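Chains as they are written, first to last, in the working numbering: chain A, 1 to 315; chain B, 1001 to 1315.
Cβ coordinates follow ideal geometry from the N, Cα and C atoms, glycine included.
Computed from a prediction, not measured in an experiment: that's the story for all the values here.
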């Protein structure tokens, strides 16, 4: 018998329904979708992640091709893959240059093959709570970046999204702390959850912002307010939050367990362990990592890109 | 009488023909074009630059409106200006957040109003040596980022571009050192000059790359080769270069004058002085700053955006 009141939920458990859904949908296609991953760094972690993407792809019925390429040849390789009808999805293992050139490369992937949802178009739609690519017809759904999307699916699974509320407002009344405000995950995640109705405290290294659609969700999309750091820093705001989400990419960083109220839902999306083991004595539901859900979302995005293309071609 | 063999050329001298051209073209329009500048930081230097933009705009026949806005309201303000028919051009005084969110905001400006040429579309065209927006009709010229474009115009003025060579190859045979490889100026500048036929040595803090279209300019666009830093660092490569261009944003940095061969063309685009006064004893032509040409290019881009819009509307 467990000694704690709460439970640890593994990403594999949450991912299961999505990997099943994806596997089923692939079977219904008349071809095997192909994902190309570009590796242009020597990072063994990226190589491991690539191996793991390959394994997942192949096991679910996709074709995966890892292309190793020199940093300075990457853009050309992306442009070629953009124009190659045999390639359905493209991803790059970042960082490549580790500077702003990586943002340039991110935009070089055609939105039509951007399985990670990194294109400005998709981030813009996320921030502006625009859910379709073809308003007002609204047939082609916009793509969401994989990690924020995985977080939504995890919160749905855990029952934080309340199905009794109208679609689009299902986080109404929930307070969520997100520790990380990177442009890739933390900021879009805060916006996405706020757009779904939550009050989100988005913490960066030395400041905290509040993302909401206003007290009554009257706004169509979120607004951002700067908060006083001392009054709203993570350990001060955490006790009032229903959900605490961390994504600090450092093995040294540990979220202060003592500030987490008993029964809080706790999720870590960093590859580093942002919580000590004693978090299990506090957390209601604890999800220590989310990678397997993220990769399911990647393949789900790939299928959505294929679907969107089909809709465009049928016009 | 001057004690040096070379000459210092001021940006105002080079800008003159372009400010005249711009003033003439504005007169031919049946409306007064409007540029909106968004200021969302407290940097006095940005405020000064804004004042200076305003002065130049008004004196050449444009309307300029400075809009001060809170950082977190900037994106909405940009989106509104994108949709406002009374606004012809939009610029933002960066940095705003000083992190990757600035790259997001940069993309938020509609390409149709992006006077600074910061949109991915324009950078992509620059890197790929694509000069029109509407191939194969080729009526709408692509926009070039202001500072790299200003540099091209300066090099044309100084006679480094050779008019006897075919258009597109007019830097053939020229070796150019560019010290700065920022994503905003240094890297696109190196690519642009290489695409026009030069051999460009692009120096970053601890590495040097060579940008060329191959020995015989057989390539349609440049390639990038990594060089051994010790063999090709700025002070080693400078003596062989026809042109030395610097853009190091630090008052402490000084390019080593002794490494510049007599008669070299020397241009500094940083707001900091990258050369000591003794450079005048070495340089053939020395351009100590380029701001006035850059701002002329900004207004030239604004007129080009208006022209492109007219062409689209006439279809």
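Beta-carbon proximity list for residue i, same chain, < 8 Å, skipping 5 on both sides
i                       : result
residue 172 of chain A  : 162, 165, 197, 198 and 217
residue 79 of chain A   : 108
residue 1280 of chain B : 1004, 1006, 1008 and 1286
residue 214 of chain A  : 223
residue 49 of chain A   : 93
From the options, residue whose alpha carbon lies closest to that of residue i
i                       : options                           : result
residue 1081 of chain B : B:1184, B:1227 and B:1111         : B:1111
residue 1294 of chain B : B:1052, B:1232 and B:1281         : B:1052
residue 1005 of chain B : B:1275, B:1289 and B:1262         : B:1262
residue 1018 of chain B : B:1101, B:1060 and B:1088         : B:1060
residue 1116 of chain B : B:1247, B:1280, B:1313 and B:1305 : B:1305
residue 1011 of chain B : B:1253, B:1301 and B:1288         : B:1288
residue 35 of chain A   : A:58, A:20 and A:23               : A:58
residue 131 of chain A  : A:220, A:96, A:48 and A:241       : A:220
residue 1090 of chain B : B:1067, B:1242 and B:1096         : B:1067
residue 1329 of chain B : B:1300, B:1021, B:1232 and B:1069 : Chain B is shown only over 1001 to 1315; residue 1329 of chain B falls outside these bounds and no answer can be derived.
residue 157 of chain A  : A:309, A:16 and A:310             : A:16
residue 65 of chain A   : A:88, A:245 and A:76              : A:88
residue 233 of chain A  : A:209, A:253 and A:254            : A:209
residue 1181 of chain B : B:1270, B:1113 and B:1095         : B:1270
residue 95 of chain A   : A:77, A:54, A:129 and A:47        : A:47
residue 1056 of chain B : B:1124, B:1252 and B:1022         : B:1022
residue 1301 of chain B : B:1028, B:1145 and B:1045         : B:1145
residue 1076 of chain B : A:124, A:265 and A:113            : A:124
residue 1244 of chain B : B:1310, B:1268, B:1129 and B:1278 : B:1268
residue 1043 of chain B : B:1033, B:1028, B:1071 and B:1027 : B:1071
Neighbourhood of residue i by C-beta, 7 Å cutoff - its chain only, sequence neighbours within 5 removed
i                       : result
residue 1001 of chain B : Here residue 1001 of chain B scores only 44 on pLDDT, less than 50, and its place in the model should not be relied on; the value that follows carries that caveat. Excluding sequence neighbours, residue 1001 of chain B sits near nothing in its chain.
residue 191 of chain A  : 126, 127, 211 and 222
residue 250 of chain A  : 272
residue 193 of chain A  : 171, 176 and 200
residue 1235 of chain B : 1256 and 1259
residue 229 of chain A  : 206, 207 and 208
residue 1186 of chain B : 1178, 1180, 1202 and 1247
The ligand NAP heavy atom lying under 8 Å from the CB of residue i
i                      : result
residue 151 of chain A : The ligand NAP is absent from the structure shown, which contains no ligand whatsoever.
Residue i, buried or exposed, once every other Cβ within 10 Å from all chains shown has been counted against 16
i                       : result
residue 1030 of chain B : exposed
residue 1103 of chain B : buried
residue 202 of chain A  : buried
residue 1195 of chain B : buried
residue 167 of chain A  : exposed
residue 1292 of chain B : buried
residue 206 of chain A  : exposed
residue 296 of chain A  : buried
residue 258 of chain A  : exposed
residue 312 of chain A  : exposed
residue 25 of chain A   : buried
residue 106 of chain A  : buried
residue 113 of chain A  : buried
residue 1037 of chain B : buried
Rounded separation between residue i and residue j - CA only
i                       : j                       : result
residue 1247 of chain B : residue 1062 of chain B : 29 Å
residue 134 of chain A  : residue 170 of chain A  : 24 Å
residue 1014 of chain B : residue 314 of chain A  : 55 Å
residue 238 of chain A  : residue 177 of chain A  : 7 Å
residue 174 of chain A  : residue 204 of chain A  : 20 Å
residue 1153 of chain B : residue 307 of chain A  : 47 Å
residue 1099 of chain B : residue 1224 of chain B : 27 Å
residue 1085 of chain B : residue 1179 of chain B : 40 Å
residue 1143 of chain B : residue 1122 of chain B : 6 Å
residue 137 of chain A  : residue 256 of chain A  : 48 Å
residue 101 of chain A  : residue 282 of chain A  : 42 Å
residue 1284 of chain B : residue 1147 of chain B : 22 Å
residue 183 of chain A  : residue 1159 of chain B : 44 Å
residue 1252 of chain B : residue 129 of chain A  : 46 Å
For residue i: DSSP bridge partner residues
i                       : result
residue 7 of chain A    : A:285
residue 1201 of chain B : B:1177 and B:1210
residue 1226 of chain B : B:1209
residue 1132 of chain B : B:1141
residue 34 of chain A   : A:63
residue 1268 of chain B : B:1246
residue 90 of chain A   : A:36 and A:114
residue 68 of chain A   : A:39
Chain-order list of residues whose beta-carbon lies under 6 Å from that of residue i (same chain, five-residue window excluded)
i                       : result
residue 119 of chain A  : 111
residue 73 of chain A   : none
residue 149 of chain A  : 297
residue 1242 of chain B : 1174 and 1175
residue 227 of chain A  : 208 and 210
C-beta neighbour in chain D for residue i, strict 9 Å
i                       : result
residue 1226 of chain B : This model lacks chain D altogether, as its protein chains are A and B.
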